[in-house]
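Undergrad:
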Amino acid sequence: MWVALTSNRSNPPADGGSTPFLPWAREFFEKRAAAEAAGQPLFDPTANCLPSGVPRIISSPYPIEIIQTPELTLILTETLHEFRMIHMDGKPKPDNFEPSYFGYSVGHWEGDTLVVETTGLNGYTQVDEEGRPKSSDMRVVERYQKRAPNLLDVTYTLYDSRTYSRPWSGHAQFRWAPDLRLSEYICEENNRNKPDSTGKLRLGVEP
Amino acid sequence: MIRTTRVCLGCIAVLWMAAAQAQNTARTTKEGMLREMEAAAAARAAPMIAADKLRPRIGGFWEPEKSAGALVTIDGKTPPMTPAGKALQRQRMAQIRAGRSEDPMNLCLPPGTPRDMLSPGPFMIAQTPAKITMLHEHRHLIRHVYLDGPLELEEADPWWEGHFSGYWDGDVLVVEAAGFNGKQWLDSTGLPQSENMKVVERFRLVGPDTLEDRITIEDPEFYSRPWTARLTFRRLPGEGRHLVQEECSEKLLEFPLKAYAPE
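Protein chains in written order, with this note's numbering: chain A, 1 to 207; chain B, 1 to 263.
(1) Which residues does DSSP list as the beta-bridge partners of Gly166 (chain B)?
(2) Which residues mark the beginning and the end of the alpha helix (DSSP H) in which Leu34 (chain B) is found?
(3) When DSSP labels each residue in this structure, what does Phe102 (chain A) get in the three-state scheme?
(4) Give a yes or no on contact between the segment 111-126 of chain A and the segment 141-148 of chain A, applying the rule of three or more CB pairs nearer than 8 Å.
(5) Would you say Arg181 (chain A) lies against chain B (beta-carbon separation less than 8 Å)?
(6) Mind checking the segment 162-176 of chain B against chain A and listing, in chain order, the residues whose C-beta falls within less than 8 Å of any C-beta there?
(7) Measuring only the C-alpha atoms, how far is Leu118 (chain B) from Arg181 (chain A)?
(8) Report the neighbours of Met37 (chain B) on chain A: residues whose CB is nearer than 9 Å to its CB, in chain order.
(9) Which bits of chain B does Met85 (chain A) rub up against, with CB to CB less than 7 Å?
(10) Taking only three categories from DSSP, how would you classify Lys93 (chain A)?
(11) Is the CB of Leu205 (chain B) under 8 Å away from at least one CB in chain A?
(12) Contact criterion: CB-CB distance below 8 Å. Does Asn96 (chain A) meet it with respect to chain B?
(13) Tell me which residues share the same chain as Arg32 (chain A) and place their Cβ nearer than 6 Å to its Cβ, disregarding the 5 neighbours each side in the sequence.
(14) Beta-carbon of Thr113 (chain A) versus every beta-carbon of chain B: anything under 8 Å?
(15) Is the beta carbon of Ile58 (chain A) sitting closer than 8 Å to the one on Ile66 (chain A)?
(16) Considering only their Cβ atoms, is the gap separating Glu137 (chain B) from Gln245 (chain B) smaller than 8 Å?
(17) So, are the CB atoms of Gly149 (chain B) and Val172 (chain B) less than 8 Å apart?
(18) Mind checking if Glu31 (chain B) is an interface residue toward chain A, Cβ cutoff 8 Å exclusive?
(19) Can you confirm whether the segment 187-199 of chain B touches the segment 39-50 of chain B when touching is taken to mean that 3 or more C-beta pairs between the two stretches lie within less than 8 Å?
(20) Throw me the rounded Cβ distance for the Ser165 (chain B) and Glu176 (chain B) pair, which I believe falls under 8 Å.
(21) Hey, how far is the Cα of Gly16 (chain A) from the Cα of His171 (chain A)?
(22) Strictly under 8 Å for the Cβ-Cβ distance: is Tyr101 (chain A) near chain B by that measure?
(23) Buried or exposed for Phe255 (chain B), please, with buried defined as at least 16 other CB atoms from any protein chain shown within 10 angstroms of its CB.
(24) For the segment 120-138 of chain B, which residues have a beta carbon sitting closer than 9 Å to at least one beta carbon of chain A?
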């Protein structure tokens, strides 16, 4: 059990550099920022109880649970009670894999670091809430390493030449919480922010 | 909050660390204390790991042997209902026939217990010494069964899924659940549940590749006596199998999702 120490609000490159947007991606990002500043936020699947996908899920502020079996590493997220299956059998993604929110993940150990490579993502989700986009070509390489017995570091590198001019990396961190349990998380009881066909939200919240 | 009478594992770790600290001042660094915490966790896991080696292997992938319709008793009969239970189910069936079903499943809410076991499609059981975790494609449902039973709920937030606790009774995995919010239906015919419902499931292998789940429902508000249903699951080859969550909420959107990037 691990408690998140990071958040998915804004995940620019962890080295402090600027995000290497391609033109369409910069336009997308700036349009979202302007709409939000004007109090008219644009559609984001996570506001409608859909998964935030890889890599955004790893910087979700809610706890995660990691279960290791010989064949699989499972990452369970309190957010939307989702789970990721990381295949440890060394075999690549099947050819007929349909793109999905969490894609197909293959993992292996490099010393004490779990390296997870994910492809087959559906491109419906963003890298963060602020609005760094991605394409369905994105390949994500995550490196999980215990920096201390109670501290898990995750560095993720994003390879997406349809969206960014070069690969770049983000960072998330978790603190060990052995006695914690994942809570029930029901988004659908509060699923009121229906977007219209232009992507604008009709905020179903009482003033 | 769940309050239980279980031993506070965190407290044991703290006492362990305190004792270690008194013995050896060289261990007072934060790093040293954390190493002790890890050692304490390993020590309390050791007997669970030893016991787990003797258990039947129910871990892996499973699917229902037949698609489930209405939940019935083990001898194929309608559950024994109270007048209040019958009235509520009749009202729900009338709404379904009138085309205005109020089934919480239509709003993508969690199936709850035991309806999660009526889910179509495959699920995975992750069998670990301290916990059984069931992961379903359908509604990306996760059941967390901590092997610390019997269940001792003094006070719990009412949950759709309920709160689980399990233990091994010989070759049978007993899963107890309570602490429900009473809103979900037990099946698609609108069998009701109250907040006071208790569910006990007994999982066992009835063949090398067949898993049986005997589900006993106790809920005096809607059922005149406890009753038991029986479901069976067939094992699926695990090699390379990948579960992809069904994202029900896509169906609630008023337009199809599309990728952000231009083609």
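C-beta: ideal position from N, C-alpha, C; glycine also. On a predicted model such as this, the values are computed, not experimentally measured, just so you know.
TA: Once the coordinates are examined:
(1) When beta bridges are read from the DSSP output, Gly166 (chain B) appears opposite B:Val175.
(2) 30-52
(3) Looking at Phe102 (chain A) - three-state DSSP - the assignment turns out to be coil, as it is neither helix nor strand.
(4) yes
(5) yes
(6) For chain A, none of the residues of the segment 162-176 of chain B brings a beta carbon within less than 8 Å of one of its beta carbons.
(7) 25 Å
(8) Pro149, Asn150, Trp176, Pro178
(9) His242, Leu243
(10) coil
(11) no
(12) no
(13) Leu42, Gly131
(14) No, no contact with chain B.
(15) no
(16) Result yes, Cβ atoms of Gln245 (chain B) and Glu137 (chain B) sit closer than 8 Å.
(17) Taking 8 Å as the Cβ cut-off, Gly149 (chain B) and Val172 (chain B) do not qualify as a contacting pair.
(18) Judged by the 8 Å Cβ criterion, Glu31 (chain B) is in contact with chain A.
(19) no
(20) 5 Å
(21) 11 Å
(22) Chain B contact via Cβ: present.
(23) exposed
(24) Met124, Ala126, Gln127, Thr128, Lys131, Thr133, Leu135
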